[in-house]
Every structure is written in structure tokens, then in C-alpha cells.
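Numbering (the working numbering), first residue to last: 164 to 256.
Beta carbons: idealized from backbone N, C-alpha and C, even for Gly.
Source: prediction; values computed, not measured.
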């Protein structure tokens, strides 16, 4: 077991160039993690879109409902009131 008879504190500042290099490395690491998170989000979104396309394929009226929902949301955000006239798909030749 080692014993110390005295302890002297020394100013242990890192050189500015080393601080900049460490900061650049940390920033690069954060950017890399952000890219991985974004890619994961895109992958999940693409899987959800694939599932939605399967539902719409099974029920064509689901596409019409989705269109109406998107239209309603976009018009509501624009604070615009309008009238929507629904037509049956059977009328279109």
C-alpha cells in the first residue's frame, strides 16, 4: 500500500487546440447519433406507410376518407371554411 506524505495541486488545463479537437469529436458523435435516430424514424414511417397501403388496397373507401381527413386538416390550419361535395365512385365511368 502506497502512502503519500504530501499532495500538490497543479493547474491541469487542456491546451486550446486539444479542447477544440475534443469539441469537434463530440459534435461529430452527436451528429452521427442524430442521423441514426432520423434513419430509424424514416424506417418506421416507411413501414407504417406500407401497412396503410395494404389497408387502402383492401378498402378503396379508406383512400377517400384519408383524402377528406387530409383536406379537412389542411383547411382548418389555414382557417378556411368551405363546402365539400361528395360523389360516389360508382358515378364515375
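Under the assumption that residue i contacts residue j (Cβ atoms under 8 Å), give the Cβ distance between them as a whole number of angstroms.
i: residue 219; j: residue 212; result: Not a contact, Cβ separation roughly 10 Å.
Going by DSSP in three states, residue i sits in which element: helix, strand or coil?
i: residue 166; result: coil
i: residue 241; result: coil
i: residue 236; result: helix
Of the choices the options, whose alpha-carbon is the least far from that of residue i?
i: residue 177; options: 171, 186, 169 and 191; result: 186
Just to confirm the assignment: which complete alpha helix (DSSP H) runs, minimum length 4, are found wholly within the stretch 171 to 225?
179 to 221
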